[in-house]
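Read through the structure below, which is laid out as C-alpha cells, and then see the notes.
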Amino acid sequence: EKGGWPSFMDKEIHEDPEAVANTLLGRFDAKGDIVLDEVRIEPEVLRSIDRIVVVACGTASYAGLVARYAIEHWVRIPVEVELAHEFRYRDPILTPRTLVVAISQSGETMDTLMAIRHAREQGSRVLAICNTQGASIPRESDAVLYTHAGPEIAVASTKAFVAQIVAAYLLGLYFAQIKGTMFRDEIHHIVQQLRSMPEKIQWVLDTQADTVNRTATHMVNARSFLFLGRHVGYPVALEGALKLKEIAYTFTEGFAAGELKHGPIALVDAGEPVVVIVPSSRGRSTLHNKVVSGIEEVKARGAYTIVVAEEGDPDAERYADAVFWRPVCSTLLSPLVDVVPLQLFAMDMAMLKGYDVDKPRNLAKSVTVE
Ligand code: BG6
C-alpha cells in the first residue's frame with residue numbers, strides 16, 4: 260500500500276503536487292471562469308454574505324489562517340478563523356449573512372461537527388471543505404467543496420493541508436467572481452499561478468530534500484525549536500512547529516515574527532534553533548526587510564537559523580546557517596511550497612529519532628470525541 264515508500268507520511272508528502280493539481284481539476288468552464296458545482300448555495304445568497312468564519316482544528320485551522328490573508332484581500336469581507344472547540348462554547352455572533360466554513364480532512368472531527376451544528380441552529384449557512392466523501396461534516400453542511408488529496412493515512416496531515424489551501428483559495432476567487440471585487444483577468448492570472456504550483460512543489464521535493472535531511476541530522480538532538488513567520492508565513496510557521504511537535508516529540512513554538520521582541524526573544528540562547536519563513540526579496544519589500552531583521556536579532560544572540568527563502572535571496576545566504584529554497588512565486592501562494600520542506604524536516608527528525616512517523620504516540624487521525 261505504501262507503494263515502496265518507507266512510510267505513508269513520506270508517500271503523502273510526495274503526493275503534495277498531485278493533491279494541489281487534483282483539487283484544481285474540473286473547477287473551471289471553457290472560458291476559464293470558476294464553477295463550483297458542489298456549492299449548491301444560490302448566487303444571490305452568496306452575494307449577500309458579509310462575513311466568513313472558518314472553524315477547524317489543528318492543521319486544518321492553519322489552512323484557514325492562510326486563506327484568510329487571500330480572501331480578505333480578494334473579496335474585501337472579514338474572515339475570522341477560530342478553533343472549533345473555542346467557537347462552539349462562547350456564544351458566537353452568527354447571522355444569515357455569515358458563511359461558516361468548516362475545514363476538515365476526515366470530516367469526522369467531533370469538535371468541528373459540533374461547531375457547524377451550532378452555526379446552523381443560529382441560521383448561518385455552512386460550507387465544508389473536506390477530503391472524505393460523504394463524511395459527517397459535509398453531510399451536515401449546506402454545501403461542500405471537496406479537496407482531492409486522496410486518502411491520507413499518516414496521522415500528521417500533509418497533502419490534505421496543501422489541498423485545503425487550494426480549495427479555500429478557489430472559494431475566495433469564486434466569491435470575488437460573483438461579488439465582482441476583482442477583474443476577470445486578475446482572477447484568471449491567479450488561477451494560472453495556482454496551476455503552476457504542483458511543478459514548484461515538485462521542484463522543492465526534488466532539489467531541497469538533501470539539505471533538509473542534512474539539517475535534520477545536524478539538529479537531531481535539539482531540545483526545542485522556535486518557528487517564526489509574518490503574514491502568510493505566520494500560519495506556515497505554526498504548521499511547521501505543529502508537525503515537529505506531533506511526530507518528533509520536540510518542544511516547539513510557532514509565533515508571528517513581529518512578536519519576537521514582545522516576548523519570545525527571551526528564549527533565544529546560543530545554539531537555539533530558530534526556523535524562519537522569509538517572504539520574497541523581490542523589490543525588497545518591507546515585509547521581507549522586517550523578517551530579515553528578526554533573523555539578525557536572533558542570530559546576534561547565537562541562534563542556529565534555518566530559513567525558508569526565495570531562490571537567490573542574498574539576505575538568506577548572509578544570515579542563515581541552513582537555507583531551504585523556494586522557487587519564485589507570488590506571496591499569497593508561497594505557503595503551498597514553504598510548508599513542504601517543513602513537512603520533510605519533521606519526518607526526517609522523527610525517523611532519525613527512531614519514531615513511528617505514521618502513528619505518533621497519543622494522537623489519532625481523527626478525534627471523534629469532544
Ligand atoms: C487531529 C489530527 O487530531 O485533528 C490532526 O491529529 C488534524 O492531524 C486535526 O489536523 C483535524 O482533523 P480533521 O480531520 O478535522 O482535519
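Heads up, the sequence shown is in full-length UniProt numbering, so the first residue is 260 and it goes up one at a time. Note that CB positions come from ideal geometry on N, CA and C, so glycine has one too. For clarity, every value in this text was computed on a predicted model and none was experimentally measured.
What is the DSSP secondary structure of residue i, reduced to helix, strand or coil?
| i | result |
| --- | --- |
| E569 | strand |
| I536 | strand |
| I506 | helix |
| R585 | strand |
| V325 | helix |
| E339 | strand |
| R376 | helix |
| S266 | coil |
| T511 | strand |
| S365 | coil |
| I293 | strand |
In terms of residue numbering, what span does the beta strand (DSSP E) encompassing residue i cover?
| i | result |
| --- | --- |
| I311 | R310 to A315 |
| F442 | No beta strand (DSSP E) contains F442, which DSSP labels as neither H nor E. |
| F486 | S483 to G488 |
Considering Cα atoms alone, identify which of the options is closest to residue i.
| i | options | result |
| --- | --- | --- |
| A289 | G513, H447, I506 and P573 | H447 |
| P573 | R335, P538, P355 and V279 | P538 |
| L485 | L526, G613 and M369 | L526 |
| P355 | A481, V325, H377 and F346 | H377 |
| A329 | L432, A559 and E512 | L432 |
| Y493 | V598, H477, A427 and F583 | V598 |
| I437 | L295, S266, W584 and K624 | L295 |
| P532 | F287, V551 and D580 | D580 |
| G382 | M369, P397 and D401 | D401 |
| D292 | L430, E341, R541 and P410 | L430 |
| S266 | Q451, A623, N621 and V616 | V616 |
| V334 | E445, V535, L372 and G366 | E445 |
| A609 | T509, S416 and D275 | T509 |
Considering just the uninterrupted stretch of the alpha helix (DSSP H) at residue i, what are its terminal residues?
| i | result |
| --- | --- |
| W462 | M456 to M478 |
Residue i and residue j look like a contact to me (Cβ under 8 Å); what is the Cβ gap, rounded to whole Å?
| i | j | result |
| --- | --- | --- |
| I424 | V338 | I424 to V338, Cβ: 14 Å. No contact. |
| A468 | L611 | At roughly 14 Å, the Cβ-Cβ gap does not stay under 8 Å, so A468 and L611 are not in contact. |
| A394 | V314 | Not really, about 15 Å apart at Cβ, beyond 8 Å. |
Check whether the segment 355-362 and the segment 378-397 are in contact - that is, three or more C-beta pairs closer than 8 Å.
yes
Cβ pair count under 8 Å reaching 3, the segment 302-316 against the segment 462-477:
no
Does the segment 407-426 come close enough to the segment 560-574 to have 3 or more Cβ pairs within less than 8 Å?
no
Taking one C-beta from the segment 504-521 and one from the segment 452-465 each time, how about it: are there three or more such pairs within less than 8 Å?
no
Kindly confirm or deny that the segment 397-415 and the segment 268-282 touch, where touching means at least three C-beta pairs closer than 8 Å.
yes
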